[in-house]
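One structure is given here, and the rest of the page talks about it.
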Amino acid sequence: MSTEPEHHLLLVDQDLDYLEWATKHLAADGLKILRCDSADKAAQVINKAPIDVVICDIKLDPFDGVELLQRIRASSPETITILTAVSPSTTQIIEATQKGALDVLRKESLAFELRHVVESALQTVDQRREMGPSPDERPGLSGKATIIGVSRPLQNVMKVVGRVAQSDAPVLVTGESGTGKELIARSVHAYSPRRKKEMLVINCGAIPENLLESELFGHEKGSFTGAIARRTGRFEDSHDSTLFLDEVGDLPASVQVKLLRVLQDGSFSRVGSNEILRTDVRIVTATNKDLAKEVSEGRFREDLYYRLNVVEIELPPLRDRQEDIPILAEFFLDRIARRNGTARMRLTGEAIEHLQKHRWPGNVRELENTMARACALALNDILLPEDIPIGRNPANMGGSLKDALGLILELSVHDGQSALEFAREELIRYTLENCKNDFRKAARLLGVTQAELKKHLSSQPDD
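Counting in my numbering, the sequence shown runs from 6 upward without gaps.
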């Protein structure tokens with residue numbers, strides 16, 4: 006007695022050997038597997054027969070897998086689509102996720118991941134059949150991701166970005182200093198419906214406490230010494246856009262109360278005014294502090310923490326993204342060459358291994374600075390391991406304080422700053438990173454007050 010298959014799966018790829026392998030790899034009772042070697046043939050199959058799951062390569066003819074995904078969503082919104090690619094870019098991952106793809110898989114990992122992903126998709130099909138359809142239409146977006154890398158941890162982050170960007174849910178970006186939290190915030194904004202307006206950024210740890218409330222919410226003329234005119238704040242200026250609050254863990258208690266109110270009902274008042282204003286702002290925040298610990302120790306409001314942490318995106322440290330290190334290094338070398346109008350430096354295989362062995366406590370920012378130092382000091386356009394001075398301490402910069410001071414002079418010329426300005430900024434950045442952005446400890450080590458330290462940071466242009 007013959008029975009109808011429980012599920013229908015369609016494989017779409019121009020590589021016939023892959024189609025043969027995937028068919029055998031996924032074969033299971035109750036699963037009928039169809040195959041196509043072009044996007045137009047796949048579209049015809051979808052239009053003629055019910056397909057539960059489609060697995061298609063991004064690189065297809067006569068149109069690519071992302072366009073096929075859109076056609077599938079239009080004609081059969083319940084069909085689950087999984088895209089594959091040799092090396093999907095972050096832009097492809099975000100756009101595919103935005104347009105409804107369940108996942109974007111690297112081809113080299115299919116032997117380990119494909120069966121599990123398909124089984125999970127088929128379970129979703131069964132659940133939909135039991136509960137009824139709930140189509141999730143996601144309009145396509147234009148925009149560019151600014152994150153560089155192909156590693157699996159980074160791809161997982163970009164998939165979350167793609168899913169969350171369409172909503173207005175507050176996003177908390179966490180991770181070590183230098184991992185690129187602001188770039189993630191910009192990606193969330195760039196793929197959101199609010200992208201037509203500029204995202205505003207404020208570093209909560211870089212503005213003196215007595216000025217931060219005014220910076221965020223604005224003030225009325227005469228509300229405090231120096232308030233010579235009315236000023237709108239960032240929440241007012243960010244109406245219908247996105248406001249990124251960096252180092253949100255440094256917010257003083259008084260400002261935490263007003264921020265909670267905005268998150269609850271969109272209302273606030275300027276400093277020195279009782280007038281209730283309203284704003285429609287999408288909030289993205291970032292911190293390298295453990296906010297849960299800050300809550301438990303009474304330094305951060307628990308209710309505000311849960312309001313901000315609706316969706317958490319945790320950025321992996323660079324040491325967990327080994328595949329991305331050479332890609333990032335090449336990217337920085339390209340940018341340095343274009344910026345300086347010079348020949349592009351090249352990395353030897355040994356130099357790449359040298360980079361990948363380092364733990365990168367300063368993450369992507371440290372790698373960028375390292376490549377800048379290497380370019381400033383290199384004697385030719387081929388970089389060997391000995392040409393790449395890794396680390397900021399004098400021992401790694403040549404073995405003596407004299408060598409370190411000479412390096413500061415070299416780099417200040419490269420950066421277009423005076424040696425004193427460059428040394429001061431690097432010392433402050435290094436101290437803050439080593440103190441994990443504990444301003445009190447950093448100020449004590451530097452021999453300045455916290456207010457002086459924050460005033461200096463607030464006067465510096467964004468990177």
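For every residue, glycine included, the Cβ atom is placed at its ideal position computed from N, Cα and C.
At what residues does the alpha helix (DSSP H) containing His224 begin and finish? Counting from 1 along the sequence shown, the entry for residue 224 is found at position 219. That residue, His224, is in no alpha helix (DSSP H); it is neither H nor E in DSSP.
Is it right to say Asn345 is buried, meaning 16 or more other beta carbons lie within 10 angstroms of its own, or is it exposed? On the sequence shown, position 340 is the one that residue 345 refers to. Label assigned to Asn345: exposed.
Extent of the continuous beta strand (DSSP E) to which Glu319 belongs: One-based indexing of the sequence shown puts residue 319 at position 314. 316–319 is the span of the beta strand (DSSP E), which, as asked, contains Glu319.
What first and last residue would you give for the alpha helix (DSSP H) that runs through Cys41? As a working note, residue 41 is residue 36 in the sequence shown. Run containing Cys41: none in the alpha helix (DSSP H); it sits in the beta strand (DSSP E), 36–41.
Spell out the partners DSSP gives Ile207 in its beta bridges. Taking the sequence shown and counting its residues from 1, one reaches residue 207 at position 202. DSSP lists Leu250 as partners of Ile207.
Of the listed residues Gly167, Gln327, Asn368, nearest to Ala101 (C-alpha basis): Counted from its first residue, the sequence shown places residue 101 at position 96. When each option's Cα is compared against that of Ala101, the closest is Gly167.
Kindly provide the ranges of any beta strand (DSSP E) runs that are 3 or more residues long and lie completely inside the stretch 34–118, ordered along the chain. 36–41, 58–62, 85–90, 108–111
Look at the alpha carbon of Leu256 and the alpha carbon of Ile281, and state the distance between them as a whole number of angstroms. In the sequence shown, counting from the first residue as 1, residue 256 sits at position 251. In the sequence shown, counting from the first residue as 1, residue 281 sits at position 276. C-alpha separation (whole angstroms): 22 Å.
If you measure between the beta carbons of Ala334 and Met376, is that distance less than 7 Å? Counting from one through the sequence shown, the residue named residue 334 turns up at place 329. Counting from one through the sequence shown, the residue named residue 376 turns up at place 371. Their beta carbons are under 7 Å apart, which means Ala334 touches Met376 by this criterion.
If I measure Cβ to Cβ from Gly452 and keep anything under 6 Å in the same chain, skipping five residues before and after, which residues do I get? On the sequence shown, position 447 is the one that residue 452 refers to. Around Gly452: no qualifying Cβ.
With 16 other CB atoms within 10 Å as the buried threshold, where does Phe222 fall? As a first step, residue 222 must be located in the sequence shown, where it is residue number 217. Classification of Phe222: buried, given that the 10 Å Cβ count is 16 or more.
Which residues bound the beta strand (DSSP E) around Leu16? In the sequence shown, counting from the first residue as 1, residue 16 sits at position 11. 12–17 is the extent of the beta strand (DSSP E) around Leu16.
Where does Ile332 sit, in a helix, a strand or coil, going by DSSP? Residue mapping note: residue 332 aligns to position 327 of the sequence shown, counting from 1. Three-state DSSP puts Ile332 in a helix.
Quick check: what's the CA-CA separation for His30 versus Asp386? Reading the sequence shown from its first residue, position 25 is the one you call residue 30. Reading the sequence shown from its first residue, position 381 is the one you call residue 386. If I take the Cα positions, the gap works out to 47 Å.
Assuming Leu372 and Ile330 are in contact, meaning their beta carbons sit under 8 Å apart, how far apart are those beta carbons, in whole angstroms? Within the sequence shown, residue 372 is the residue found at index 367, counting from 1. Within the sequence shown, residue 330 is the residue found at index 325, counting from 1. Indeed they touch by this definition, with Cβ atoms about 7 Å apart.
As assigned by DSSP and simplified to three states, the class of Phe305: Position 300 of the sequence shown holds residue 305. Coil at Phe305, not helix or strand.
Ala381 and Leu388 closer than 7 Å at C-beta: Position 376 of the sequence shown, counted from the first residue, corresponds to residue 381. Position 383 of the sequence shown, counted from the first residue, corresponds to residue 388. No, these two residues do not count as a Cβ contact at 7 Å.
Extent of the continuous beta strand (DSSP E) run through Val178: If you number the sequence shown from 1, residue 178 lands on position 173. From DSSP, the beta strand (DSSP E) with Val178 extends over 176–179.
Are the CB atoms of Ile99 and Tyr196 within a distance shorter than 7 Å? Numbered from its first residue, the sequence shown carries residue 196 at position 191. Numbered from its first residue, the sequence shown carries residue 99 at position 94. Cβ distance < 7 Å, so Tyr196 and Ile99 count as in contact.
CB contact check: Val369 to chain B, cutoff 7 Å: The structure shown has no chain B; it contains just one protein chain.
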